[in-house]
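To start, the structure under review is shown below, and the notes come after it.
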Amino acid sequence: MHARGARCYLLADMATPSHGLDPEEFRRLARMAIDIAAEHLARAAAGPVFQPMTADERHALLAQPLPSRGEPVAQSLAYARDHVLTHPMGNGHPRFFGWVNSPPSHAGVIADLLAAALNPSVAGGDHAAVYLEHCAVRWIMELVGFPEAGAMGLLASGGSAANLIGLAAARHWAAREDGWSVREEGLSGSRPRHMLYMTDEGHSCLRKAAELLGLGSASLVTVPVDDDLRMRPDKLRELVRADREAGRRPFCVAASAGTVNTGAIDPLDRIADVCDAEDLWLHVDGAYGAVAASLPELAEATAGLSRARSLAIDAHKWLSVPVECGCALVRDGALLRDAFSLVPPYLRTEEGKGFGGLPWFSEYGPQQTRGFRALKLWMTLRTAGRDGIEAMIRGNIAMAGRLMKQVDAAPDLERLAPVPLSIVCFRYVPEGARDDEARLDALNKRIMERVQSEGGAFVSSTTIRGRFALRACVLHYGTEPADVDSLVAAVRHAGAACVLETV
Ligand SMILES: Cc1ncc(COP(=O)(O)O)c(C=O)c1O
28 MHARGARCYL
38 LADMATPSHG
48 LDPEEFRRLA
58 RMAIDIAAEH
68 LARAAAGPVF
78 QPMTADERHA
88 LLAQPLPSRG
98 EPVAQSLAYA
108 RDHVLTHPMG
118 NGHPRFFGWV
128 NSPPSHAGVI
138 ADLLAAALNP
148 SVAGGDHAAV
158 YLEHCAVRWI
168 MELVGFPEAG
178 AMGLLASGGS
188 AANLIGLAAA
198 RHWAAREDGW
208 SVREEGLSGS
218 RPRHMLYMTD
228 EGHSCLRKAA
238 ELLGLGSASL
248 VTVPVDDDLR
258 MRPDKLRELV
268 RADREAGRRP
278 FCVAASAGTV
288 NTGAIDPLDR
298 IADVCDAEDL
308 WLHVDGAYGA
318 VAASLPELAE
328 ATAGLSRARS
338 LAIDAHKWLS
348 VPVECGCALV
358 RDGALLRDAF
368 SLVPPYLRTE
378 EGKGFGGLPW
388 FSEYGPQQTR
398 GFRALKLWMT
408 LRTAGRDGIE
418 AMIRGNIAMA
428 GRLMKQVDAA
438 PDLERLAPVP
448 LSIVCFRYVP
458 EGARDDEARL
468 DALNKRIMER
478 VQSEGGAFVS
488 STTIRGRFAL
498 RACVLHYGTE
508 PADVDSLVAA
518 VRHAGAACVL
528 ETV
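Everything in the sequence shown is counted per this note's numbering, starting at 28 for the first residue and increasing by one.
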């Protein structure tokens, strides 16, 4: 077998020589790639955080013709080095405070090469990648305190996909509770409208999932929030009861453990009480914040997370696993299998027999062929350890705390939301403009754009209670006090400059 494989690599007249390189050539080129990656990672903190591309640079990438004859791998690598790695998004830089996009763990970067070399489909079967995914998913359960008995989890492309999987399980459960099959009948029949509860702070992917699942956005009920932008359980209960009285079918609450806007953690324990009393499925979107449940000091804030029937987590956010790596956890693994499995019962594999291995991941989600995401997750967790992960999250929260204090102390800055995790929402408020909301919105938008294009730091925005807010997310394991300080300086400097321009 080995000899045949080796001969294949050496065929001189292969149509696609780059598909089957000679082992020595592979080694040489892979080393070249590793040198490029190492150089890139080493320099990530040196240059500007972000630089807009020029029109010519954009065009050069967009308009490349498909070559009819292939080029040597080294040439493609050099092109990538000179024209692709030169224009990063910025999230590798410790002064990137844009969205909840982290830098990659270096262990994860290395793992991705090995995963591609093995290139299995992790649909299922009796091969190592399958077991590694089960192990890595169990580690995630352990990390956030999700009960393991009878549960099932699987990796997905990201938080959007993981939320979709959780909500699909909820929809399936509700129909089954009522004695029918949504997989058979769909939602277009005469069934009462199935109602899903979330807050305006919930991520847009929850709405997208509701639309994809045929619930329709008319099935989304917005639950009011408290002063800290957290779901109000009392209002939730009222809305559920009103819907039920009106003949609708309340079935699921999609709460958040770390909203994308401010990191708000809904009062999960009290929401779980409502769900128990009203027989509702509790889904928690913890794409960004659920991993904070690993910190003992946040046990109270995240209490109730373990009562979720489904939970979405993004390992490519706060765990710094290279994208893409989301994770869906569902308490009732058998139910999840019923929601997705398209293998007739007589074809289901049996644990420990033949190629069967454990139940196939492809029976628990929408994907058939599945990538080996687990290796980069497993390697990131294994090399950081629980202590390392906790220290990283704690460090980011401390840096957000530092930023919060500086904002609170500055006469020309105003904080717009609490800081429960590592996101700080604030704005620049110059003397004399305090009550002019429209002016402040426009000014802060200009400040954000200026800070972004100056390249000294990167901050994004959101809207808090209708007001434009600068939104700084700390998710870089290398962000230090000086980086936070330079963000504050960049915002104040841009603020003063923008004000001068308008007088
Ligand atoms: C709270 C929350 N939920 C869901 C998502 C969607 O995750 P993804 O972008 O990985 O699909 C995000 C992304 O920022 C998020 O912050």
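Glycine is no exception: its CB is placed at the ideal position from the N, C-alpha and C atoms.
All figures in this text were calculated on a predicted structure; none of them were measured in a lab.
C-beta atoms of residue i and residue j nearer than 8 angstroms
{"i": "Leu385", "j": "His161", "result": "yes"}
{"i": "Leu233", "j": "Asp312", "result": "yes"}
{"i": "Pro260", "j": "Glu305", "result": "no"}
{"i": "Glu390", "j": "Phe367", "result": "yes"}
{"i": "Val478", "j": "Ala509", "result": "no"}
{"i": "Gly331", "j": "Ala355", "result": "no"}
{"i": "Val209", "j": "Arg198", "result": "yes"}
{"i": "Ser129", "j": "His503", "result": "yes"}
{"i": "Arg466", "j": "Cys525", "result": "no"}
{"i": "Asn190", "j": "Ala236", "result": "yes"}
{"i": "Arg268", "j": "Ala299", "result": "no"}
{"i": "Asp255", "j": "Ala281", "result": "no"}
{"i": "Gly193", "j": "His110", "result": "no"}
{"i": "Ala284", "j": "Ala317", "result": "yes"}
{"i": "Val446", "j": "Gly422", "result": "no"}
{"i": "Val250", "j": "Leu239", "result": "no"}
{"i": "Ser347", "j": "Ser95", "result": "no"}
{"i": "Ala188", "j": "Ser337", "result": "no"}
{"i": "Ala484", "j": "Ser513", "result": "yes"}
{"i": "Met426", "j": "Thr506", "result": "yes"}
{"i": "Trp200", "j": "Trp308", "result": "yes"}
{"i": "Leu501", "j": "Ser449", "result": "A small correction: the amino acid at residue 501 is Val; Leu does not occupy that position in the sequence shown. Taking 8 angstroms as the Cβ cut-off, Val501 and Ser449 qualify as a contacting pair."}
{"i": "Ala156", "j": "Leu145", "result": "yes"}
Same chain only: Cβ atoms within 6 angstroms of residue i, ignoring 5 sequence neighbours per side
{"i": "Leu170", "result": "Ser321"}
{"i": "Ile491", "result": "Leu443, Ala444, Cys452"}
{"i": "Thr81", "result": "none"}
{"i": "Thr286", "result": "Glu228"}
{"i": "Thr489", "result": "Asn288, Ala496, Arg498"}
{"i": "Met222", "result": "Ser246, Val248, Asp270, Arg275, Pro277"}
{"i": "Leu112", "result": "His67"}
{"i": "Asp296", "result": "Ala330, Gly331"}
{"i": "Ala134", "result": "Met406, Thr407, Thr410"}
{"i": "Pro75", "result": "Gly482"}
{"i": "Asp253", "result": "Arg259"}
{"i": "Gly522", "result": "Tyr455, Ile474"}
For residue i: DSSP bridge partner residues
{"i": "Gly47", "result": "Answer is none; Gly47 lacks a bridge partner."}
{"i": "Tyr455", "result": "Leu440"}
{"i": "Trp308", "result": "Cys279"}
{"i": "Cys500", "result": "Ile450"}
{"i": "Thr506", "result": "For Thr506, which the question treats as bridged, DSSP gives no partner whatsoever."}
{"i": "His221", "result": "Arg276"}
{"i": "Gly313", "result": "Ile340"}
{"i": "Met406", "result": "None; Met406 has no bridge partner."}
Cutoff 7 angstroms; reference residue i; Cβ partners in own chain excluding five residues on either side
{"i": "Val136", "result": "Ala64, Pro349"}
{"i": "Gly32", "result": "Caution applies to Gly32, whose pLDDT of 48 falls short of 50 and renders its modelled position unreliable; the model cannot decide the point."}
{"i": "Ala60", "result": "Leu104"}
{"i": "Ala101", "result": "Leu56, Met59"}
{"i": "Gln395", "result": "Ala150, Ser389"}
{"i": "Cys35", "result": "Note on Cys35: pLDDT 49, under 50, position unreliable in the model; no value is reported."}
{"i": "Ala328", "result": "Ile292, Pro447"}
{"i": "Glu441", "result": "Phe453, Arg454, Val456"}
Own chain, CB closer than 8 angstroms to residue i, minus 5 neighbours either side, in chain order
{"i": "Gly186", "result": "His230, Cys232, Asp312, Ala314, Tyr315, Ala339, Ile340, Asp341, Lys344, Gly353"}
{"i": "Pro294", "result": "Arg257, Met258, Pro260, Gly331"}
{"i": "Ala437", "result": "Val515, Arg519"}
{"i": "Gly241", "result": "Gly213, Leu214, Ser215"}
{"i": "Thr43", "result": "Gly97"}
{"i": "His114", "result": "Gln78, Met80, Glu84"}
{"i": "Glu175", "result": "Arg165, Met168, Glu169"}
8 angstroms contact criterion, which residue i and residue j should meet: CB distance rounded
{"i": "Leu182", "j": "Leu363", "result": "Rounded, the Cβ-Cβ distance is 14 angstroms, inconsistent with contact."}
{"i": "Met179", "j": "Val357", "result": "6 angstroms"}
{"i": "Leu408", "j": "Ile420", "result": "Actually they do not touch by this definition, with Cβ atoms about 13 angstroms apart."}
{"i": "Val149", "j": "Phe388", "result": "6 angstroms"}
{"i": "Ala107", "j": "Leu402", "result": "The Cβ separation is near 22 angstroms, so there is no contact."}
{"i": "Ser487", "j": "Trp126", "result": "6 angstroms"}
{"i": "Asp435", "j": "Val456", "result": "Their Cβ separation, rounded to whole angstroms, is 12 angstroms, which puts Asp435 and Val456 out of contact at 8 angstroms."}
{"i": "Asp359", "j": "Gly172", "result": "Not confirmed; about 17 angstroms, so no contact."}
Practice prompt. Can you check the region 266-295 for any alpha helix (DSSP H) of at least 4 residues that lies completely inside it and give the ranges in chain order?
Written response: none
Worksheet item: Residue ranges of each alpha helix (DSSP H) run of no fewer than 4 residues wholly in the region 315-394, ordered along the chain?
Response: 360-367
Fill in: Uninterrupted alpha helix (DSSP H) stretches inside the region 102-184 (no shorter than 4 residues)
133-145, 155-171
Fill in: Those runs of the beta strand (DSSP E) which lie wholly inside the region 462-497 and span at least 3 residues
485-491
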